[in-house]
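Quick note on numbering: the sequence shown equals residues 2 to 104 in my numbering. Every residue gets a Cβ at the ideal spot worked out from N, C-alpha and C, and that includes glycine. Here the structure is a predicted model, which means the values were calculated and not measured. What follows is a short report on a single structure.
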Amino acid sequence: GYRVIAFPGPAEALEAMPDLESIDLMMTDVVMPGMNGKELAHRFLGRFPGIKFLFMSGYTANIIAQHGLLDEGVHFLHKPFTPLELAARVRQALDDPRSVLPR
């Protein structure tokens with residue numbers, strides 16, 4: 002199983018970041034109030050250099066890429082998704098040796 006830590010938004014995640022020991026995977030929405038998922042990912046990458054990312058959104062990957070919110074090749078999960086789809090994407094992101102990071 003996985004140990005999951007959840008935060009209501011990016012501000013709370015950033016506030017808790019100094020107290021977190023390690024994170025293997027961050028799953029975040031792409032569009033959020035105050036800070037987008039790409040910005041949040043960069044902030045966490047500074048603290049956790051080996052972290053992997055799984056981005057999610059109700060918008061399609063093409064629309065998100067067109068608006069420059071994510072680059073091609075990042076792990077992306079379109080909402081809504083099933084528990085099986087989530088489990089598969091989490092495993093895929095964790096097992097991927099590439100560290101594809103949004104610019």
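Inset, instruction - Measure the CB-CB distance between L95 and K39 and report whether it falls below 9 Å. - result: no
Inset, instruction - Look at the alpha carbon of A66 and the alpha carbon of D72, and state the distance between them as a whole number of angstroms. - result: 6 Å
Legend entry - M57 in three-state terms, based on DSSP: In the structure shown, M57 falls within a strand segment according to DSSP collapsed to helix, strand and coil.
Legend entry - Start and end residues, beta strand (DSSP E) containing L78: F77 to H79
Inset, instruction - May I ask you to report which of helix, strand or coil DSSP gives M21? - result: Sequence check: residue 21 is Leu here, not Met. Coil, per DSSP.
Legend entry - For L95, the first and last residue of its enclosing alpha helix (DSSP H): Residues P84 to D96.
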